[in-house]
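Novice: From first to last, the protein sequence lines are chains A and B. In terms of our numbering, the first sequence opens at residue 1 and continues consecutively. In terms of our numbering, the second sequence opens at residue 1 and continues consecutively.
There are 2 protein chains.
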Amino acid sequence: MGTNAPLYAQVEQSLVARLGVSLHPGDRLPTEDELIDEFGVSRITVRRAVQNLVARNLVVTRRGQGSFVAVPSFTQSLTALTGFVEDMDAHGLPSRARVLRVEEIAAPPDVRAALDLPLGARVTRIQRVRLAVGHPVSFDDTYLPTDLGRLVAQDDLENEQIFTLLESRHGTPLTEASYAMRASTADAVLADALEVAEGSAIFRIERTSYTSGLRPVDYEVLHYRGDAITFTTRLPRARTPGQEQ
Amino acid sequence: MGTNAPLYAQVEQSLVARLGVSLHPGDRLPTEDELIDEFGVSRITVRRAVQNLVARNLVVTRRGQGSFVAVPSFTQSLTALTGFVEDMDAHGLPSRARVLRVEEIAAPPDVRAALDLPLGARVTRIQRVRLAVGHPVSFDDTYLPTDLGRLVAQDDLENEQIFTLLESRHGTPLTEASYAMRASTADAVLADALEVAEGSAIFRIERTSYTSGLRPVDYEVLHYRGDAITFTTRLPRARTPGQEQ
DNA sequence: TAGATCATGTTGTTATAACAACCGATCGGC
DNA sequence: GCCGATCGGTTGTTATAACAACATGATCTA
Numbered sequence: 001m002g003t004n005a006p007l008y009a010q011v012e013q014s015l016v017a018r019l020g021v022s023l024h025p026g027d028r029l030p031t032e033d034e035l036i037d038e039f040g041v042s043r044i045t046v047r048r049a050v051q052n053l054v055a056r057n058l059v060v061t062r063r064g065q066g067s068f069v070a071v072p073s074f075t076q077s078l079t080a081l082t083g084f085v086e087d088m089d090a091h092g093l094p095s096r097a098r099v100l101r102v103e104e105i106a107a108p109p110d111v112r113a114a115l116d117l118p119l120g121a122r123v124t125r126i127q128r129v130r131l132a133v134g135h136p137v138s139f140d141d142t143y144l145p146t147d148l149g150r151l152v153a154q155d156d157l158e159n160e161q162i163f164t165l166l167e168s169r170h171g172t173p174l175t176e177a178s179y180a181m182r183a184s185t186a187d188a189v190l191a192d193a194l195e196v197a198e199g200s201a202i203f204r205i206e207r208t209s210y211t212s213g214l215r216p217v218d219y220e221v222l223h224y225r226g227d228a229i230t231f232t233t234r235l236p237r238a239r240t241p242g243q244e245q
Numbered sequence: 001m002g003t004n005a006p007l008y009a010q011v012e013q014s015l016v017a018r019l020g021v022s023l024h025p026g027d028r029l030p031t032e033d034e035l036i037d038e039f040g041v042s043r044i045t046v047r048r049a050v051q052n053l054v055a056r057n058l059v060v061t062r063r064g065q066g067s068f069v070a071v072p073s074f075t076q077s078l079t080a081l082t083g084f085v086e087d088m089d090a091h092g093l094p095s096r097a098r099v100l101r102v103e104e105i106a107a108p109p110d111v112r113a114a115l116d117l118p119l120g121a122r123v124t125r126i127q128r129v130r131l132a133v134g135h136p137v138s139f140d141d142t143y144l145p146t147d148l149g150r151l152v153a154q155d156d157l158e159n160e161q162i163f164t165l166l167e168s169r170h171g172t173p174l175t176e177a178s179y180a181m182r183a184s185t186a187d188a189v190l191a192d193a194l195e196v197a198e199g200s201a202i203f204r205i206e207r208t209s210y211t212s213g214l215r216p217v218d219y220e221v222l223h224y225r226g227d228a229i230t231f232t233t234r235l236p237r238a239r240t241p242g243q244e245q
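1) Would you call B:N52 buried or exposed, if buried means 16 or more other Cβ atoms sit within 10 Å of its Cβ?
2) Indicate whether at least one CB of chain A lies closer than 8 Å to the CB of B:S178.
3) Alpha helix (DSSP H) containing B:V111: first to last residue?
4) By the three-class DSSP mapping on this structure, what secondary structure does B:G77 have?
5) Since B:E195 is in the alpha helix (DSSP H), which residue starts that stretch and which ends it?
6) So A:S184 contacts chain B; which residues on that side make the cut at Cβ distance below 8 Å?
7) Here's the rule: buried if 16 or more other CB atoms are within 10 angstroms of the residue's CB, otherwise exposed. What is A:H223?
8) For A:A107, tell me which candidate among A:G226, A:T142, A:T45 has the shortest Cα-Cα distance.
9) In the structure shown, what three-state DSSP assignment does A:I202 receive?
10) Under a Cβ-count criterion, where at least 16 other Cβ atoms within 10 Å of its own Cβ denotes burial, should B:G20 be classed as buried or exposed?
11) Contact criterion: CB-CB distance below 8 Å. Does B:T232 meet it with respect to chain A?
12) Is there at least one Cβ from chain A nearer than 8 Å to B:A80's Cβ?
13) Output needed for B:G199: all residues of its chain with C-beta closer than 8 Å, excluding positions within five of it in sequence on either side, in chain order.
14) Return the CA-CA distance between B:D140 and B:E167, expressed in angstroms with no decimal places.
15) For a quick check, are the C-beta atoms of B:F68 and B:V59 less than 8 Å apart?
16) Flag B:P216 as yes if its beta-carbon sits less than 8 Å from any beta-carbon of chain A, otherwise no.
17) Would you say the stretch 205–221 of chain A touches the stretch 114–130 of chain A, given that touching needs at least three Cβ pairs under 8 Å?
18) Do you know how far the Cα of B:S73 is from the Cα of B:V196?
19) Could you tell me whether the Cβ atoms of A:I126 and A:V102 are closer together than 8 Å?
20) Looking at B:G226: is its Cβ nearer than 8 Å to the Cβ of A:A193?
21) Taking A:P136 as the reference, which of A:R96, A:T164, A:L165, A:T175 has the closest Cα?
22) So, under 8 Å CB-CB, A:T128 and A:L157 are touching, yes? Tell me the CB distance rounded to an integer number of Å.
23) How many angstroms separate the CA atom of A:R237 from the CA atom of A:S212?
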């Protein structure tokens, strides 16, 4: 990422590298003037770097006081969630996977963003079709940093869950995950893999799983047959307007 | 918001006001130089305004070409029960409703199940198209028990929110809701209402809202344009040893 | 002593300026 | 006619500069 990246990106990355090392949640960052001196750039540049960190929820700024490392307590979502494939497993449906491909590639932008990897980083991609009672229900792309990916790649991906492998065998406890869900339709590849007609409904889920320290370790794009999955949840009514936080 | 708000916020708001009116998805925005002339501000100010629109997914910029209106798309966090207008307000976007139909019908089985009604019960059905920044985003069926439905039917459904009507005017505080979300595709009716091609992706949500005592009072079937909405959530790792994924 | 005021340090807003990177079309040479 | 170079238009990056708004603690005043 060295010298040809924008200065603000270099400053930004340099600050990120300190998080959890010399900078901890609640700590105050160096002031803008200090960063100007330290990096030898202009104020507009350090401000852009800090603003990007704010946008990434890593830093909060308080006018008149300074900028502070955010507390990563951002895990609200008091919602208990049921459903999903747990349902399938709970129904006792045997779930197997057909591994289509395991390879090492340069991380695409969305993968880099999810796993917080620098430009040019490589990842292991695992492409599988998941089956329930013998019929395909989802087409999954799993992306792992290569250090983990090389380990997992040697395991029995047809019969073991990646989550289980990570947790039990590779010392990577998973603490939480973020989900992004969309409705989509099947292109030719998906249709073929899932044995549905092209244009059929697809429930698309991007899931990023985190290990301790909120470090992302597993990014998956799951394409479920639209008729094979329902996502259910229960949410409380937003509290009285007039105060939030 | 008048004169004491930052200039970039005023420019930003002024641009948002044009979305769906004189600016439609795919259109090119005025260039930065044109905006400078038009608003009489500096480049740093118009750039900040445009960047904020980019951050809100309302605009995309292409270096060397210009800035363009994005097709409306929203990321909705699944943290609390909120109505469409509340969601759009949270994004700072103008929203409207087009009421297609208000009628009393015999409750179909799924409605009876959701609202806990006996066989033969009647309900009020309200059919609406929801628009954000001037473009259809969702096609909604709302089912209310007739006692509530008759009250709500006399209100101004184009401009008032059903949740607000229920809570403020008709003494029915909402406490929580259950969601069931699926991927589907657009039939002819949906395609026409949402101005998409038949077969396009649809994010379908069944939502049952409850009032005190967990009494169901409002059952909705929401059909979002699949390309217009992404739902996100964040979940702690389920601690169920033995099965996951 | 309690309260108001001020000084200082901090982030927030805005202007001016210049150059870089990129896109698309036009123009030129072969 | 085809292909490369050039040029005008656009967004991206960065520097310098000044003032505003806010927080905090010190100082001044009643």
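All C-beta atoms, glycine included, are put in the ideal place defined by N, C-alpha and C.
Specialist: With the given structure in hand:
1) Here residue 52 of chain B refers to the residue found at position 52 when the second sequence is read from its first residue. Buried, by the Cβ-count rule.
2) Taking the second sequence and counting its residues from 1, the one referred to as residue 178 of chain B is at position 178. So, interface residue.
3) The sequence position of residue 111 of chain B within the second sequence is 111, counting from 1. B:V111 -> alpha helix (DSSP H) spans 109–115.
4) Here residue 77 of chain B corresponds to residue number 77 of the second sequence, with the count starting at 1. Correcting the residue identity first, residue 77 of chain B is Ser in this sequence and not Gly. In this structure, B:S77 counts as strand in the three-state DSSP scheme.
5) Taking the second sequence and counting its residues from 1, one reaches residue 195 of chain B at position 195. Taken as a continuous stretch (DSSP letters only), B:E195 belongs to no alpha helix (DSSP H), as it is neither H nor E.
6) Stepping through the first sequence from its first residue, residue 184 of chain A is reached at position 184. Those within 8 Å of A:S184 in chain B are A183, A201, G226.
7) As a working note, residue 223 of chain A is residue 223 in the first sequence. So A:H223 counts as buried.
8) Stepping through the first sequence from its first residue, residue 107 of chain A is reached at position 107. It is A:T142 whose Cα lies nearest to the Cα of A:A107.
9) Within the first sequence, numbered from 1, the residue matching residue 202 of chain A stands at position 202. In the structure shown, A:I202 sits in a strand (DSSP, three-state: E or B).
10) As a first step, residue 20 of chain B is located in the second sequence; it is residue number 20 there, counting from the start. Flag for B:G20 reads buried.
11) Numbered from its first residue, the second sequence carries residue 232 of chain B at position 232. Yes, B:T232 lies at the interface with chain A (some Cβ there is under 8 Å from its Cβ).
12) Here residue 80 of chain B corresponds to residue number 80 of the second sequence, with the count starting at 1. B:A80 counts as touching chain A.
13) In the second sequence, residue 199 of chain B corresponds to position 199, counting from 1. Result list for B:G199: T185, A186, A191, in chain order.
14) Position 140 of the second sequence holds residue 140 of chain B. Position 167 of the second sequence holds residue 167 of chain B. Going by the C-alpha atoms only, they are around 20 Å apart.
15) Your numbering for residue 68 of chain B matches position 68 in the second sequence. Your numbering for residue 59 of chain B matches position 59 in the second sequence. Contact: yes.
16) For the purposes of this step, residue 216 of chain B is taken as residue 216 along the second sequence, with counting starting at 1. No - not a single Cβ of chain A is within 8 Å of the one on B:P216.
17) yes
18) Within the second sequence, residue 196 of chain B is the residue found at index 196, counting from 1. Within the second sequence, residue 73 of chain B is the residue found at index 73, counting from 1. So the alpha carbons of these two residues sit roughly 14 Å apart.
19) Against the first sequence, residue 126 of chain A aligns to sequence position 126. Against the first sequence, residue 102 of chain A aligns to sequence position 102. Contact annotation: A:I126 and A:V102 have beta-carbon atoms nearer than 8 Å.
20) The sequence position of residue 226 of chain B within the second sequence is 226, counting from 1. The sequence position of residue 193 of chain A within the first sequence is 193, counting from 1. No, the pair does not count as a contact, with Cβ atoms beyond the cut-off.
21) Working through the first sequence from its first residue, we reach residue 136 of chain A at position 136. The candidate whose alpha carbon is nearest that of A:P136 is A:R96.
22) Residue mapping note: residue 128 of chain A aligns to position 128 of the first sequence, counting from 1. Residue mapping note: residue 157 of chain A aligns to position 157 of the first sequence, counting from 1. The amino acid at residue 128 of chain A is misidentified as Thr; the sequence shows Arg. So it is a contact: roughly 7 Å between Cβ atoms.
23) On the first sequence, position 237 is the one that residue 237 of chain A refers to. On the first sequence, position 212 is the one that residue 212 of chain A refers to. Distance between the alpha carbons of A:R237 and A:S212: 31 Å.
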